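The structure under discussion appears below in the form of structure tokens.
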Amino acid sequence: MKDRNPKSQVRYRRMTAADLPAAHKLSLSVLWPHRLEDWQFIHALGEGIVAEDTSGIVGTIMCWLHGPDYASLGMTIVAPGHRDRGIASALLERILTEIGDRTILLHTTATGVRFIEHKGFVQTGWVHQHQGSVFRAPFVPLGPGERIRPVGPRDEAVLADLATRSTGVPRATVIKHLLTVADVVAIDRYGDLVAFAALRKFGHGYVIGPVVAADAGHAKALIAHWAGTQAGAFVRVDVPDSSGLSPWLTEMGLVQVEESVHAMMRGDPPRPAGPVKRFALLSQSLG
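Under the numbering used here, the sequence shown is numbered contiguously, ending at residue 1633.
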């Protein structure tokens, strides 16, 4: 893992928990909203590599392995003033070795697309980031026999199954860890859990996601529920373009930021099993 080339003056090594304060400081330098606690959450689920020189950590990259077939990639940051040293390329090469032959999913800006396309990644869609404050959440009616309720420990397996079917990617480990840091509610239909949404602290306020449901109506009901409990607070929701929720979120007061994010993939695409779909992401790194 270490680069001992004296000409590079940059050393690459595995990220440890002790690196997280420095990684957090690095993300603040590029105006990312992540708190130290957000770094701790994602690091507990994945692996990372840092680049450092005599000034300290100047680059990061992370991956998350979802079983033997899939992985996600993110948290690629290079410090301002160090971006002409080939650090991003070196980090990417090393993390791809960690991932191996798995299908890789990631979200990136237009600049990132140009950077990774030569590695075989293709665009599969868009993600729209919505954020703001909702002072009055809309009322979204539920169907007969349906109610929104908090989830309990006995619901974990059902949540993991819904999340896995919505993406085609194993999500049991992610859901287990999510339940330690987030509040989660579900739509219960005559005793069966049919949709769910999580709310957790993130960045400047809160993030709603993942949201998994069979249709937009149920997704809206769950998002409106969480927005209503956080009236006036800063809330963020990241939604796939295919969700169709962007106009509704904007009307509610969660406006879309200017630049949409590219969803990219390398390898064989996962096959969601349905009938549920993912209407909002857990995060742009973890999907």
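For glycine and all other residues, C-beta sits at the position ideal for the given N, C-alpha and C.
Remember, it's a predicted structure, so these values are computed and weren't measured experimentally.
Query - DSSP beta-bridge partners of A1544 - result: V1530
Query raised in the report: Got a sec, what are the start and stop residues for the beta strand (DSSP E) P1586 sits in?
Result: F1580 to P1586
Query raised in the report: What whole-angstrom Cβ distance do G1478 and L1600 have, given they're in contact under 8 Å?
Result: 5 Å
Report task. Under 8 Å by Cβ, that's how I've got V1480 and A1577 pegged, so tell me the actual separation to the nearest angstrom. Result -> 6 Å
Query raised in the report: Apart from the five residues just before and just after D1501, which ones in its own chain have a Cβ nearer than 7 Å to its Cβ?
Result: A1532 and L1539
Requested in this report: Kindly indicate the opening and closing residues of the beta strand (DSSP E) around F1625.
Outcome: K1623 to A1626
**Report entry** Member of H1564, A1543, W1410 and E1597 whose CA lies at the smallest distance from the CA of P1490
**Finding:** H1564
Query - CA-to-CA distance, T1449 to L1632, given in whole angstroms - result: 14 Å
Query - Alpha-carbon to alpha-carbon, R1493 and S1375 - result: 44 Å
Report task. Check S1479 in the structure and name its three-state DSSP category. Result -> strand
Query raised in the report: Where does S1401 land, buried or exposed, given buried means 16+ other C-beta within 10 angstroms?
Result: exposed
Query - C-beta atoms of T1635 and R1357 nearer than 7 Å - result: Residue 1635 falls outside the range modelled here, since the chain spans only 1347 to 1633, and no answer is possible.
Query raised in the report: According to the neighbour-count rule (16 or more other Cβ atoms, all chains shown, within 10 Å of its Cβ), is S1435 buried or exposed?
Result: exposed
Query - Exposed unless 16 or more other CB atoms sit within 10 angstroms - verdict on Y1552 - result: buried
Report task. Return the chain-ordered list of same chain residues with a C-beta closer than 6 Å to the C-beta of S1606, the five sequence neighbours on each side being excluded. Result -> W1472 and H1474
Query raised in the report: Under 7 Å, do A1509 and V1558 count as touching if we go by C-beta distance?
Result: yes
Requested in this report: Would you list the one or two residues that DSSP bridges to Q1469?
Outcome: M1610
Report task. Would you identify the three-state DSSP class for G1394, choosing helix, strand or coil? Result -> strand
Query raised in the report: Whose C-beta lies closer than 6 Å to the C-beta of H1608 among residues of the same chain, with five residues either side of it excluded?
Result: T1454, V1459 and Q1469
Query raised in the report: Given a threshold of 16 other Cβ atoms within 10 Å of its Cβ, counted over all protein chains shown, does R1517 qualify as buried or as exposed?
Result: buried
Query raised in the report: Got a sec? Which residues, its chain only, sit under 6 Å from H1476 by beta carbon, not counting five neighbours each side?
Result: V1583, L1595, L1600 and Q1602
Query - Classification of D1447 by the beta-carbon crowding that lies within 10 angstroms, buried from 16 upward - result: exposed
Query - Contacts around P1621, its chain only, beta-carbon distance under 6 Å, and the 5 residues preceding and following it disregarded - result: A1560
Query raised in the report: Helix, strand or coil: which one does DSSP assign to Q1386?
Result: helix
Query raised in the report: My guess is that G1555 and L1627 are in contact by the Cβ rule of under 8 Å, so how many angstroms apart are they, rounded?
Result: 5 Å
Query raised in the report: Taking DSSP as the reference, what is the three-state secondary structure of R1632?
Result: The question names Arg, but residue 1632 in the sequence shown is Leu. L1632: coil per DSSP, three-state reduction.
Report task. Evaluate D1430 with the Cβ neighbour count: other Cβ atoms within 10 Å of its Cβ, from every protein chain shown; 16 or more gives buried, anything less gives exposed. Result -> exposed
Query raised in the report: For E1502, does the three-state DSSP call read helix, strand or coil?
Result: helix
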